[in-house]
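Under my numbering, think of the first position of the sequence shown as -16, with each following residue one higher. Okay, structure first, notes after.
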Amino acid sequence: MSNIVLEAQNVSKHFTDGKSTVEVIRGLDLKVKEGEFISIVGSSGSGKSTLLHVLGGLDRPTDGSVFLNGKRFDNLGEAERGYLRNQHLGFVYQFHHLLPEFTALENVAMPLMLREGTHYKKVKEQAEYLLEKVGLSHRLTHKPGELSGGERQRVALARALVTQPKLMLADEPTGNLDRKTAVKIFELLQDLRAELNMAMLIVTHDEALAQSADTIMHMQDGVWSD
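The following block contains the structure:
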């Protein structure tokens, strides 16, 4: 039986606005196995991005529990959650969120630099390797402002993978890309997933990307739908 990388048990997320309470996620269960690719699809406002933030430890659930590699994750302090994110999770967003003052190489190397005891030579080698894998070995010293939209997203992908995470969480990773570039990003995701035996959980409106997943989860009004 495959190992469970991430598990959510009866997870809910509510937001209070004055006297009213908005239920964004309502009692969801989810298991992501090692090497598995799951896509979550649904209309805007269905709760997909909020769920991804809760699963990745960027936000706490109002109710329920999240487990990462079998360890309760959601009830930890911010520093502990940050440490586990750096060790086991990779994140890719619709907007690349690269640091504009740093080069592509430096942006990719950043997550590894945050790890204690990691030697710069190893960090540099791993960052260069990932940038080569995403076809950007000729752009190592370029800053985000000097890169195209597709190139910036490939740098963000390399950054998410540099720590060799057990699970990648991606929120509309191709939402700002043209069709040709989006297809290339899809192919890169699949190739790197196979190489690293990495699980992927992707929120997307893109039917082509969703259909390439092992499992498609449909979300509506904060719950799973048929």
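All C-beta atoms, glycine included, are put in the ideal place defined by N, C-alpha and C.
Backbone secondary structure at residue i - three-state DSSP
i, result
"S3", "strand"
"F169", "helix"
"V106", "helix"
"K163", "helix"
"T198", "strand"
"S208", "strand"
"Q147", "coil"
"K31", "helix"
"P127", "helix"
"N90", "helix"
"L114", "helix"
"R43", "coil"
Cut-off 6 Å between Cβ atoms - residues of its own chain near residue i, not counting five sequence neighbours on either side
i, result
"A165", "T157"
"L79", "In the sequence as displayed, the identity of residue 79 is His instead of Leu. Within the same chain, H79 has close Cβ partners R135, Q136 and A139."
Candidates the options: closest to residue i by CA position
i, options, result
"T33", "A191, E155, L95 and K167", "E155"
"N52", "K149, I199 and L184", "K149"
"L97", "Y66, E178 and L192", "Y66"
"R64", "V37, L81, K31 and A(-9)", "V37"
"R43", "K16, E84, S(-5) and S27", "S(-5)"
"E17", "T187, N180 and H102", "N180"
"V117", "A141, K2 and Q194", "A141"
Beta-carbon proximity list for residue i, same chain, < 7 Å, skipping 5 on both sides
i, result
"D0", "none"
"A(-9)", "L11, D12, L13, L38, G47 and V49"
"G30", "V7, I8, M202 and G205"
According to DSSP, residues forming a beta bridge with residue i
i, result
"A(-9)", "L13 and V49"
"K54", "L51"
"F74", "L152"
"H(-3)", "E6"
"V186", "I23 and D154"
"Q203", "V206"
Nearest-angstrom beta carbon gap, residue j and residue i [assumed within contact, 8 Å]
i, j, result
"S68", "G39", "Looking at the sequence provided, one finds Arg at residue 68 rather than Ser. Rounded, the Cβ-Cβ distance is 7 Å, consistent with contact."
"M202", "G25", "4 Å"
"L152", "L72", "6 Å"
"L119", "E129", "12 Å between Cβ atoms; not a contact."
"H125", "T86", "6 Å"
Same chain only: Cβ atoms within 8 Å of residue i, ignoring 5 sequence neighbours per side
i, result
"D197", "E19, F20 and I21"
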